[in-house]
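Single-structure report; data block below.
2 protein chains.
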Amino acid sequence: MAEKTTEKETVKRKTEENVIFVGSKPPMSYVLAVVTEFNKGSSDEVVLKARGRSISIAVDAAEIARNRFVKNSEVRDIKIDTENVTSNDGKKHNVSSIEIYLSIKKENK
Amino acid sequence: MAEKTTEKETVKRKTEENVIFVGSKPPMSYVLAVVTEFNKGSSDEVVLKARGRSISIAVDAAEIARNRFVKNSEVRDIKIDTENVTSNDGKKHNVSSIEIYLSIKKENK
Chain A
188 MAEKTTEKET VKRKTEENVI FVGSKPPMSY VLAVVTEFNK GSSDEVVLKA
238 RGRSISIAVD AAEIARNRFV KNSEVRDIKI DTENVTSNDG KKHNVSSIEI
288 YLSIKKENK
Chain B
188 MAEKTTEKET VKRKTEENVI FVGSKPPMSY VLAVVTEFNK GSSDEVVLKA
238 RGRSISIAVD AAEIARNRFV KNSEVRDIKI DTENVTSNDG KKHNVSSIEI
288 YLSIKKENK
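Residue numbers (the numbering used here), protein chains in the order written: chain A, 188 to 296; chain B, 188 to 296.
Written out as structure tokens, the structure reads:
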């Protein structure tokens, strides 16, 4: 159990830098963030995270980045989940979330 | 090239029945469609397809179905893509799309 927690924390720390949280800005803002992150060269994977209505913006950003700006990248994995969010008025409700893992392709055929 | 087209057509024909196209209705409409499709019993996989702003509704529907109505189901795969759409005024533009594959779990541990 203790070991599992440690592992999780390590993963979190390791990926924190290359996680881009997608909100309600135009997709190109997040595309720019993806390109910048890849160009830093410290990581060959970038994660786009979004909740609710921003999910479609995250998908747009991933697709634009992959097709036009980081052509040697690919969608390695996509995860969806449900998060329990407490709104300002104290009500709890469920919100869907998505994580899109964009990776640099290992090798060109 | 010709081969690719044929392959695509075959896939389309094979999956047509269990594909649910997600539009702009509330997520519960599509949850109902998912439950109905699984209850028919002819298939242990249902595909939710959506484009543009409807992508988040498709994710909502998949999450609600999986968590509340078809508890022995899981998200087997998620694919995202870009489609070239011609709008009413003849302009071409790109739209992101998603396909969410919901499957009945093979076995309970």
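The beta-carbon is built from N, C-alpha and C at its ideal position, and this holds for glycine as well.
Output the distance between the C-alpha atoms of residue i and residue j, rounded to the nearest integer angstrom.
i        : j        : result
A/Asn259 : A/Arg253 : 8 Å
B/Arg240 : A/Ser290 : 25 Å
A/Ser243 : B/Tyr288 : 17 Å
A/Val209 : B/Pro213 : 23 Å
A/Val262 : B/Arg263 : 16 Å
A/Thr223 : A/Met215 : 12 Å
B/Glu286 : B/Ser211 : 16 Å
B/Lys278 : A/Asp276 : 44 Å
So which residues on chain A does residue i lean against when the C-beta distance must stay under 7 Å?
i        : result
B/Ile267 : Val246, Ala249, Glu250, Val262, Ile265
For residue i, I'd like the list of residues in its chain whose CB is within less than 7 Å of its CB, leaving aside the five on either flank, ordered along the chain.
i        : result
A/Ala220 : Ile207
A/Ser274 : His280
A/Val218 : Ala248, Ile251, Ala252, Phe256
Among the residues of its own chain, which have a CB less than 8 Å from the CB of residue i, if the five just before and after it don't count?
i        : result
A/Asp231 : Phe225, Ser290, Ile291
If you drop the 5 nearest sequence neighbours on each side, which residues of the same chain put their C-beta closer than 6 Å to that of residue i?
i        : result
B/Val282 : Arg238, Gly239, Glu270, Val272
B/Lys293 : none
B/Ser229 : none
Which chain B residues are close to residue i, counting only those with a beta carbon under 7 Å from its beta carbon?
i        : result
A/Asn254 : Thr269
A/Gly239 : Ser243
Taking Cβ positions, are residue i and residue j nearer each other than 9 Å?
i        : j        : result
A/Val246 : A/Asn205 : no
B/Lys284 : B/Lys227 : Position check: residue 284 of chain B holds Ser in this sequence, whereas Lys was assumed. It is not a contact, given that the beta carbons lie outside the stated cut-off.
A/Ala249 : B/Ile267 : yes
Shorter than 8 Å, the distance from the beta carbon of residue i to the closest heavy atom of the ligand NAP, or not?
i        : result
B/Lys293 : Looking for the ligand NAP in the displayed structure turns up nothing, as the structure carries no ligands at all.
Determine the chain A residues that contact residue i at a beta-carbon separation under 8 Å, and present them in chain order.
i        : result
B/Ile285 : Val246
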